[in-house]
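Okay, so here's the structure we're looking at.
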Amino acid sequence: MFRFLFDRDTWQEVIDSFSKNKLRSILTMVGVWWGILLLIGLLGSARGLENAFNRLFGDFATNSVFFMGNVTNKPFKGFQEGRRIQLTIPDIKKVEENVEGIEFVVPRNMNPAMVTKDFLSGTFNIFGDYPLLDRVQKKKLIHGRFINQNDIDDHKKVAVISESIYKQLFEKDEIAIGAYIQINKINYTVIGLYDPGDANFGPSEDIHIPFTTFQRMYNQGDKIGFMMITGNPEFDIVQIQKDAELMLKNLNDVHPKDDRAFRSFNLGKEFAKFTGFLKGMQFLTWFVGIATLIAGVFAIGNILLITVKERTKEIGVRRALGATPFEIKRQIVVEAVFLTLVAGIFGIITGGWILIALDAKFGQGDEATLVNASVSIGVVFISLIILVVLGTLIGLIPAFKATSVKPIEALREE
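Here my numbering is used: position 386 in the sequence shown is 690, and no number is missing along the way.
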């Protein structure tokens with residue numbers, strides 16, 4: 305059935321037709337070239353942006369919401385407005401037990417403190433944390449380990465420091481693990497050194513110590529600074545936020561409509577907005593790219609109609625010599641598909657060069673805007689299939705035009 309594709313005469317005729325109208329053929333191919341270039345370039349850029357975002361939050365539980373106590377703005381149950389709400393450990397347990405869809409609830413405390421080592425010092429944020437934090441906000445450890453349960457149970461004076469703090473307090477190439485630093489004039493043993501990465505909420509110069517040690521150091525009792533709640537993937541993090549806030553209001557005698565008693569930040573909601581933007585960008589890219597391709601392919605169809613008009617006498621001769629209408633149509637369609645594919649392949653190659661240039665310009669280093677801006681082989685194949693289908697369909701228009709003229713009338717054309 306496709307034996308004619310391997311026939312030398314078929315391609316000789318295609319090349320002859322192209323060579324007779326080089327400039328016109330090239331100009332008509334520009335539309336298809338631009339369409340596929342636009343499609344590849346925008347899809348690759350969207351992928352690079354998505355990769356950069358995933359690298360930024362890759363080790364962070366994005367389906368998370370943060371809560372901290374604030375000041376009430378409504379009186380309730382005998383309490384006046386303006387009362388400061390303090391979250392506690394019992395609040396954590398109640399929320400975890402009664403709110404559906406929660407995976408983890410992580411209590412945290414934070415205070416700035418003077419940290420010294422030998423003659424070097426600086427003021428850094430000290431976080432009191434549980435080992436669970438490493439599961440919802442994975443630390444990229446360079447050396448050592450994170451806090452474990454023994455540290456919590458024994459109230460150990462150990463610390464995990466960021467790479468930035470190491471550079472400020474330690475000499476170059478000095479071993480940090482096992483060394484002592486002073487936090488508020490109390491000695492702590494460094495057990496871990498980590499790279500804070502890009503997903504930092506607040507200062508990146510942080511020190512983590514066991515939660516129980518923090519409670520003792522600052523005499524916090526059951527008080528906590530804030531809590532981080534992560535939801536199971538199948539549950540809506542926005543609904544979890546609403547349920548958790550209502551539970552906290554009930555536990556702390558806060559008016560149900562008080563919108564200031566607790567401050568919260570829903571990372572999952574913000575993450576969903578960004579992923580929705582990426583999906584919209586990809587849809588728009590496909591729409592614009594395919595629309596441009598269709599416009600370019602129509603241009604090829606129009607040129608082929610002109611070419612068919614110019615070749616009327618030639619077609620008449622071929623018909624008179626025994627060529628069937630199907631053979632005439634087939635030849636015109638092959639020419640349309642050939643022009644479309646050549647333009648499309650050049651567009652894919654050019655788009656690939658552009659993505660390589662974007663990666664070299666914006667995809668290098670830790671603060672890269674686009675990470676591995678590229679398109680998959682599947683996208684390339686889909687693009688080629690679209691080109692073949694569009695080229696075939698648009699080629700049928702001049703093909704039917706070519707066979708609509710009777711041979712005797714075609715031979716009369718001058």
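Ideal Cβ placement from N, Cα and C applies to all residues, glycine included.
**Cβ neighbour criterion (16 or more within 10 Å) applied to lysine 553** = Here residue 553 corresponds to residue number 249 of the sequence shown, with the count starting at 1. Classification for lysine 553: buried.
**Message:** Do isoleucine 541 and asparagine 402 have their beta-carbon atoms positioned less than 7 Å apart in this structure?
**Reply:** Taking the sequence shown and counting its residues from 1, one reaches residue 402 at position 98. Taking the sequence shown and counting its residues from 1, one reaches residue 541 at position 237. No, they are not a contact pair.
**Request:** Give the straight-line distance between the Cα atoms of phenylalanine 704 and alanine 640, rounded to the nearest whole angstrom.
**Result:** Stepping through the sequence shown from its first residue, residue 704 is reached at position 400. Stepping through the sequence shown from its first residue, residue 640 is reached at position 336. C-alpha separation (whole angstroms): 13 Å.
**Message:** According to DSSP, simplified to helix, strand and coil, what is threonine 420?
**Reply:** In the sequence shown, counting from the first residue as 1, residue 420 sits at position 116. Here threonine 420 sits in strand by DSSP.
**Request:** Under 8 Å by Cβ, that's how I've got phenylalanine 530 and phenylalanine 370 pegged, so tell me the actual separation to the nearest angstrom.
**Result:** Numbered from its first residue, the sequence shown carries residue 530 at position 226. Numbered from its first residue, the sequence shown carries residue 370 at position 66. Taking a contact as a CB-CB distance under 8 Å, the pair phenylalanine 530 and phenylalanine 370 counts as one, their CB atoms being some 6 Å apart.
**Item:** For alanine 576, the three-state DSSP class (helix, strand or coil)
**Value:** Residue mapping note: residue 576 aligns to position 272 of the sequence shown, counting from 1. Assigned with DSSP and collapsed to three states, alanine 576 falls in helix.
**Asked** Per DSSP, which one or two residues make a beta bridge with glycine 496?
**Response** Taking the sequence shown and counting its residues from 1, the one referred to as residue 496 is at position 192. Gly448 and Val464.
**Request:** Measure the Cβ-Cβ separation of valine 399 and arginine 388 and say whether it is below 7 Å.
**Result:** Position 95 of the sequence shown, counted from the start, is the residue given in the question as residue 399. Position 84 of the sequence shown, counted from the start, is the residue given in the question as residue 388. No, they are not a contact pair.
**Message:** I need the straight-line Cα distance from glutamine 586 to isoleucine 594, nearest angstrom please.
**Reply:** Stepping through the sequence shown from its first residue, residue 586 is reached at position 282. Stepping through the sequence shown from its first residue, residue 594 is reached at position 290. So the two alpha carbons sit approximately 12 Å from each other.
**Asked** Taking DSSP as the reference, what is the three-state secondary structure of isoleucine 277?
**Response** Lying before the first or after the last residue shown, residue 277 is absent from the chain, which here runs from 305 to 718.
**Request:** For proline 507, I'd like the list of residues in its chain whose CB is within less than 6 Å of its CB, leaving aside the five on either flank, ordered along the chain.
**Result:** Against the sequence shown, residue 507 aligns to sequence position 203. Its pLDDT being 46, under 50, proline 507 is placed unreliably in this model, and the value from its coordinates should be taken loosely. Closer than 6 Å at the Cβ level, and outside the excluded window around proline 507, lie Asn429.
**Prompt:** Can you name the residues that DSSP bridges to serine 680?
**Reply:** By 1-based counting over the sequence shown, the position of residue 680 is 376. Within the DSSP bridge table, the entry for serine 680 names no partner.
**Request:** Let me know the secondary structure DSSP gives lysine 583 once reduced to three states.
**Result:** On the sequence shown, residue 583 is found 279 positions in, with the first residue counted as 1. Of the three classes helix, strand and coil, the one that applies to lysine 583 here is helix, per DSSP.
**Item:** Cβ-based burial, phenylalanine 518 [other Cβ within 10 Å; buried from 16]
**Value:** Reading the sequence shown from its first residue, position 214 is the one you call residue 518. Buried, since its Cβ has 16 or more Cβ neighbours within 10 Å.
**Request:** For the segment 640–651 and the segment 679–699, state whether three or more C-beta atom pairs, one from each stretch, are separated by less than 8 Å.
**Result:** Output reads yes: the segment 679–699 touches the segment 640–651.
**Prompt:** Would you say the beta carbon of aspartate 547 comes nearer than 6 Å to a heavy atom of the ligand NAP?
**Reply:** This structure lacks the ligand NAP, and indeed carries no ligand of any kind.
**Item:** threonine 628, buried or exposed, once every other Cβ within 10 Å from all chains shown has been counted against 16
**Value:** Along the sequence shown, one-based indexing puts residue 628 at 324. A residue is called buried once 16 or more other Cβ atoms fall within 10 Å of its Cβ, and threonine 628, having fewer, is exposed.
**Asked** So the alpha helix (DSSP H) phenylalanine 518 belongs to, where does it begin and stop?
**Response** Here residue 518 is taken as the residue at index 214 of the sequence shown, counted from 1. It spans 515–521 - the alpha helix (DSSP H) in which phenylalanine 518 sits, taken as one unbroken run.
**Request:** Would you check if the segment 536–551 and the segment 469–481 touch, i.e. whether three or more CB-CB distances between them fall below 8 Å?
**Result:** Result no; under three Cβ-Cβ pairs closer than 8 Å.
**Item:** Run of the beta strand (DSSP E) containing valine 440, from where it starts to where it stops
**Value:** Numbered from 1 along the sequence shown, position 136 holds the residue referred to as residue 440. DSSP places valine 440 in no beta strand (DSSP E) but in the uninterrupted alpha helix (DSSP H) bounded by 437–440.
**Prompt:** Does the segment 349–357 touch the segment 480–494, meaning 3 or more C-beta pairs lie closer than 8 Å?
**Reply:** Judged by Cβ distances under 8 Å, the segment 480–494 makes no contact with the segment 349–357, as fewer than three pairs qualify.
**Chain-order list of residues whose beta-carbon lies under 7 Å from that of phenylalanine 450 (same chain, five-residue window excluded)** = Here residue 450 refers to the residue found at position 146 of the sequence shown. Answer for phenylalanine 450: Pro435, Asp438, Lys443, Val464 and Gly496, listed in chain order.
**Item:** N-terminal and C-terminal residue of the alpha helix (DSSP H) that valine 542 is part of
**Value:** As a working mapping, residue 542 is identified with position 238 in the sequence shown. Taken as a continuous stretch (DSSP letters only), the alpha helix (DSSP H) holding valine 542 covers 541–555.
**Prompt:** Hey, out of Gly699, Asn676 and Ala548, whose CA is closest to glycine 345's CA?
**Reply:** Locating residue 345 in the sequence shown gives position 41, where the first residue counts as 1. In terms of Cα proximity to glycine 345, the closest of Gly699, Asn676 and Ala548 is Asn676.
**Asked** If you draw a straight line from the alpha carbon of leucine 761 to that of isoleucine 490, how long is it in whole angstroms?
**Response** Residue 761 is absent from the structure shown; the chain starts at 305 and stops at 718.
**Asked** Taking three-plus beta-carbon pairs below 8 Å as touching, is the segment 570–589 in contact with the segment 389–397?
**Response** No, they do not touch.
**Message:** Less than 7 Å between the C-beta atoms of aspartate 564 and methionine 372, yes or no?
**Reply:** Counting from 1 along the sequence shown, the entry for residue 564 is found at position 260. Counting from 1 along the sequence shown, the entry for residue 372 is found at position 68. Before going further, note that residue 564 is arginine rather than aspartate in the sequence given. Their beta carbons are not under 7 Å apart, which means arginine 564 does not touch methionine 372 by this criterion.
**Asked** How would you label isoleucine 681, buried or exposed, when you count the other beta carbons within 10 angstroms and need 16 or more for buried?
**Response** Here residue 681 refers to the residue found at position 377 of the sequence shown. Exposed is the call here.
**Prompt:** Buried or exposed: where does phenylalanine 642 fall if 16 or more other Cβ atoms within 10 Å of its Cβ makes it buried?
**Reply:** Residue numbering aside, residue 642 sits at position 338 when the sequence shown is read from its first letter. In the assembly as shown, phenylalanine 642 is a buried residue. Its beta-carbon has 16 or more other beta-carbons within 10 Å.
**Message:** Need the endpoints of the beta strand (DSSP E) that glutamine 486 sits in, please.
**Reply:** Taking the first residue of the sequence shown as 1, we reach residue 486 at position 182. Glutamine 486 -> beta strand (DSSP E) spans 484–487.
**Asked** Which residues bound the alpha helix (DSSP H) around isoleucine 393?
**Response** Along the sequence shown, one-based indexing puts residue 393 at 89. Here the alpha helix (DSSP H) through isoleucine 393 covers 393–402.
**Request:** Using three-state DSSP, classify asparagine 491 as helix, strand or coil.
**Result:** Along the sequence shown, read from residue 1 onward, the residue named residue 491 stands at position 187. In this structure, asparagine 491 counts as strand in the three-state DSSP scheme.
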